[in-house]
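Visitor:
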Amino acid sequence: FVEEWEARRSVVIGVTEHDLYSSEEPGGPEFVFGSSFESDDLQGIGVISTARMGSGEDLERRLETMAMRYVGLYYFGLEMSEDETSALHHTVATRDDLDRMLPQFADPQPGDDELRQERARYLATG
1334 FVEEWEARRS VVIGVTEHDL YSSEEPGGPE FVFGSSFESD DLQGIGVIST
1384 ARMGSGEDLE RRLETMAMRY VGLYYFGLEM SEDETSALHH TVATRDDLDR
1434 MLPQFADPQP GDDELRQERA RYLATG
């Protein structure tokens, strides 16, 4: 994407129904709901696994929460949060963790102007 988009920040978020496992944490969780990283200052990549998210409305809300997480981190450049209800909460190890989280960045949710300012700040750091 860097070749195509030149020096503009890009984010790619994939979704799979297959289990994901983290090799970063030996002895850590047996599966993860998502995995992400910044390959450099220009590209953020996230993969979300729906394998253990359940079905129906639960699946939809959990998937939306994880998508919001990666959009917040890699599109807006927001920081991780201590707030257990934020999609940006630093720990998502269990389904209970994910269920406490809401598909929003904070309560109250930042307004459009505030998010535009965060995006502009993030782009300026690249």
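Taking the working numbering, I'd label the letters of the sequence shown as residues 1334 to 1459. By construction, the Cβ of each residue, glycine as well, lies at the ideal position given by its N, Cα and C atoms. Here the structure is a predicted model, which is why all the values come from computation and not from measurement.
1. Against chain D, with Cβ distances strictly below 8 Å, would Gly1377 count as a contact?
2. With H, G and I counted as helix, E and B as strand and the rest as coil, what does DSSP make of Thr1393?
3. Sort Ala1453, Leu1448 and Gly1367 by Cα distance to Arg1428 and report the nearest one.
4. For Gly1444, count neighbouring Cβ atoms within 10 angstroms of its own Cβ and tell me buried if that reaches 16, exposed if not.
5. Among all the DSSP beta bridges, which residues are the ones paired with Leu1353?
6. Go ahead and label Gly1389 buried or exposed: buried means 16 or more other beta carbons lie within 10 angstroms of its beta carbon, across all protein chains shown.
7. Given a threshold of 16 other Cβ atoms within 10 Å of its Cβ, counted over all protein chains shown, does Met1413 qualify as buried or as exposed?
8. Look at the alpha carbon of Arg1395 and the alpha carbon of Gln1442, and state the distance between them as a whole number of angstroms.
9. With the cut-off set at 8 Å, would you say Leu1421 and Arg1402 are in Cβ contact?
Guide: To lay it out plainly:
1. Absence of chain D from the displayed structure is noted, only one protein chain being present.
2. It is worth fixing the name first, because residue 1393 is Glu in this sequence and not Thr. Judged by DSSP in its simplified three-state form, Glu1393 adopts helix.
3. Closest by alpha carbon: Gly1367.
4. Classified as exposed, Gly1444 has fewer than 16 neighbouring CB atoms from the shown chains inside 10 Å of its CB.
5. Looking at the DSSP output, Leu1353 bridges to Val1365.
6. With fewer than 16 Cβ atoms within 10 Å of its Cβ, Gly1389 is classed as exposed.
7. It is exposed - the Cβ of Met1413 has fewer than 16 other Cβ atoms within 10 Å.
8. Cα-Cα distance, rounded: 18 Å.
9. Yes; because the gap between Cβ atoms is below 8 Å, this pair is in contact.
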